[in-house]
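Since the structure comes first, as structure tokens, the remarks are kept for the end.
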Amino acid sequence: MNQSRKILPVCFSVLLLIASAGDSSAFKFKNPNVPRYVPGELIVKFKNDVSAASHGSILKAQGYVRGKSLDRSGAIHHLKITTGESVENAVESMLRNPEVEYAQPNFIYHALTVPNDPSYGQSWGLHNTGQTITQASGPDAPGGEGNPGIANKDMAMENAWNVTTDCSSAIVAVLDSGVNHTHEDLSDNMWDGGVTYPKHGYDFVDSDVDPADLNGHGSHVAATIGAAGNNSIGSTGVCWKAKIMAVRVLDSNGLGNTSSIIQGINFAVSHGAKVVNLSLGGGSFDSAMSSTISSAKSSG
């Protein structure tokens, strides 16, 4: 909640200002000793001029078992290492092949912390009158260096809401721990997935059509973006009306990996999302993630 932070209008955003669905104390990612990547797994991308038949023969020769393809062209593969070699050695081995564009671990990601601000008046980001935030922690806590607020140092949302409060012309995909789609502040603002996706999205952790939030983080993020406004309930999102697509890529502990997140991005793009929110973090540059985001941007 530090007031010096700037909010940038980018397509892949981290919006962590308010929330009205869920309790931040329930967020279960607490362990800083989680490994950086999934043991025994690998992600490999072949160069564009390498045939699909060559993909199979190269991977078979290495002794790797192919999982799901992670892109439309079939060039990015999620692999299981069955040879007993380490992930590091497997990466080095694949990188020595001139037909491989990149090889990397299946990195682990975790949910980023969201502040628990269940009422509009407690959010400087939306409306800063110089008020003291009574529920803040850290340097922004009462008596801390950041409190009280600085009047007008906010996103000027009340001016924006005079123009429009309805963002429902664009689908916003929340790739996170799922979304509590029955919450009274979210239920009317969920994406209509029809009979195929009756619970408004997909779960890439359990591979089913029920992206229920078993952690709480994703519901907080969804509420930040699109909790129903002007309904005398809870707080309000940046958008009072929205179309939130729930894409579960983080488990009940707030942990996910490159493979599930890439599948989630591709799902969002192929089902019409124009904004994808990834409020998650990891510790390494991720070539597969970077190329997937670039592909999503080029798809509009």
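When we follow our numbering, the leftmost residue of the sequence shown carries the number -3, and every step to the right adds one. Cβ coordinates follow ideal geometry from the N, Cα and C atoms, glycine included.
Of the residues L171, D199 and N262, the one whose Cα lies closest to the Cα of I221 is L171.
Annotated three-state conformation of L182 is coil, per DSSP. Residue burial annotation: E88 is exposed, with fewer than 16 other C-beta atoms found within 10 angstroms of its C-beta.
Rounded to whole angstroms, the gap between the alpha carbons of H267 and K56 is 33 angstroms. Between the stretch 162 to 182 and the stretch 226 to 241, the count of C-beta pairs closer than 8 angstroms reaches three or more; the two stretches touch.
Taking the C-beta atoms as reference points, I39 is found no nearer than 8 angstroms to N93.
Secondary structure at K43: coil, using DSSP grouped into helix, strand and coil. Restricting attention to Q58, E81, G174 and Y60, the CA atom closest to the CA of S248 is found in G174. Of the other Cβ atoms in all chains shown, 16 or more fall within 10 Å of the Cβ of A208; this residue is therefore buried. Contact between the stretch 196 to 204 and the stretch 273 to 282 is not established, with fewer than three Cβ pairs separated by less than 8 angstroms. Per DSSP, V271 is one residue of the beta strand (DSSP E) stretching across A269 to N273.
Per DSSP, reduced to three states, the secondary structure at V265 is helical. Excluding five sequence positions before and after G36, the CB atoms of its chain that fall closer than 6 angstroms to its own CB belong to I77, given in chain order. Minimum Cα-Cα distance from I104 among the listed residues K293, G296, T161 and A284 corresponds to A284. A156 is classed as exposed because its beta carbon has fewer than 16 other beta carbons within 10 Å across all chains shown.
Note that the C-beta distance between K41 and E95 is not below 8 angstroms.
The alpha-carbon of H213 is positioned some 28 angstroms away from that of Q100. F103 is bridged by DSSP to Y33. Counting only the Cα atoms, E84 lies some 44 angstroms from V191.
The C-beta separation of A169 from A48 comes to about 29 angstroms, leaving the pair out of contact by the 8 angstroms criterion.
Secondary structure note for V243: its beta strand (DSSP E) is the uninterrupted segment K237 to R244.
If you draw a straight line from the Cα of Q58 to the Cα of L75, it comes to about 11 angstroms. A292 is positioned such that its CB atom lies closer than 8 angstroms to that of I261. CA-to-CA, the gap between G189 and G252 works out to about 23 angstroms. Within the model, the alpha-carbon separation for G70 versus N185 is close to 34 angstroms. In this structure, the straight-line span from the alpha carbon of R32 to that of L246 is close to 15 angstroms.
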